[in-house]
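*Asks:* Got a structure for you, written out below as structure tokens; questions coming shortly.
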Amino acid sequence: MTGLFLLTLRELSARKVVVGLFVVATIVWVAMAFALQLDVVDGSLAGARLFGQETTDGPSDLDAPVLDADGQPVLDENGQPITEADQLPFESRSLLESVVFGAQAFVAGAGYWIGIVLALFATGGLVAALSERGQVDVILTKPISRSAVLAGRLLAVMAVMLALTTYLFGAVWLVMSIKSGLWNPRFLLAIGAVFGMFAVVYGVVTLVGVWSGSGPLSFIVTLGVLFVSLILAIPTLQEQVSAVWRPVVWGGYHVLPKFGSVGTTLVPQLATGGAVGSLYPLLSSFAFGAVCYALAFVLFSRKDF
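Numbering (my numbering) for the sequence shown: 520 to 824.
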């Protein structure tokens, strides 16, 4: 398995995939470093610019209500909506904190959506390549089980994605913390959510790649699953469809990964240090990914090459 792990890393390096992804990540955090201009005087924000726009004392993203797994506002004991700012573990929620945490939430959200899709595009064909004649013939002649072959390939992909996510989020956190003087280590918890959801989504890539042997098909099917999951996550969808289709909508929402819910709710909550709501979208997505990987390993071990 170690040999397949190293072979996959060399293959990614030869394709310039790793270099390309890290170059994009570097551009993102460098752009963020120049885009966020803070004028901090004695710990207070005297002025701020984000992508050239002046920041004022008006409402920020932290005034938005916290949403549950179904997209409904979470209420406190008095029946009032809980906002993102209410969840911040800081006694003083200044404009400086609002700007910094809002920028961190923006970067975390962009890194979640764009990073996962780019990583899928860059690595989506690696599993399907195991079925190609010539490559699979050489690999299967080695004294190694088929499960170890597939596991070695997957571990290399996951290692690259974890390193990429840690590098991007860590650099953004470090730059913004140094510039603002606000150190929010909980921002780094978003790394786990982003990496975890990538692993879930890559389960679909793995299953379709093992079954079809086609990299493009596995990527297309994965994008289709993500698109359907976004549609099913619309809070009022069950009310808009006929009663005949409501069980299908309900079942599809709970079975498929909650890609949109995690990206729009959980990741920003982690990035801003806010209280984390329901973990059901993340945990149910993990269950879906585990089933995909289990089926992929069974299919790969029984496949006739």
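Backbone N, C-alpha and C define an ideal beta-carbon position, used for all residues, glycine too.
Is the distance from the Cβ of F738 to the Cβ of L639 below 8 Å?
*Replies:* In this structure, L639 lies closer than 8 Å to F738 by Cβ.
*Asks:* Could I get the ranges of all uninterrupted alpha helix (DSSP H) runs contained in the region 648 to 729, with 4 residues as the minimum, in chain order?
*Replies:* Within the region 648 to 729, the complete alpha helix (DSSP H) runs of at least 4 residues are 654 to 659, 665 to 699.
*Asks:* Using the beta-carbon count (16 or more within 10 Å), is S820 buried or exposed?
*Replies:* By the 10 Å Cβ count, S820 comes out exposed.
*Asks:* Return helix, strand or coil for R534, following the three-state DSSP convention.
*Replies:* The answer is coil: DSSP assigns R534 none of H, G, I, E or B.
*Asks:* From A667, A550, A647, pick the residue whose C-alpha is nearest to that of T521; which is it?
*Replies:* Taking only the C-alpha atoms, the option nearest T521 is A667.
*Asks:* Under a three-way DSSP split, which group does I753 fall into?
*Replies:* Residue state, collapsed to three classes: coil.
*Asks:* Applying the 10 Å Cβ sphere with the 16-neighbour rule, what's the burial state of T574?
*Replies:* In this prediction, T574 scores a pLDDT of 49, lower than 50, which makes its location untrustworthy; the coordinate-derived value is nonetheless stated afterwards. That one is buried.
*Asks:* Going along the chain, which residues of its own chain have a beta-carbon closer than 7 Å to the beta-carbon of V626, five neighbours each way excluded?
*Replies:* Here the set comprises M551, V691.
*Asks:* Excluding the 5 residues flanking A709 on each side, which residues of the same chain have their C-beta closer than 7 Å to its C-beta?
*Replies:* Excluding sequence neighbours, A709 sits near A627, F688, V786, L789, A790.
*Asks:* Would you kindly report the start and end of the unbroken alpha helix (DSSP H) that includes W769?
*Replies:* 765 to 774 is the span of the alpha helix (DSSP H), which, as asked, contains W769.
*Asks:* Along the chain, where does the alpha helix (DSSP H) that runs through S804 open and close?
*Replies:* Taken as a continuous stretch (DSSP letters only), the alpha helix (DSSP H) holding S804 covers 799 to 821.
*Asks:* Within the same chain, show all residues whose beta-carbon is closer than 6 Å to that of V740, passing over the 5 residues directly before and after it, in chain order.
*Replies:* Excluding sequence neighbours, V740 sits near V727.
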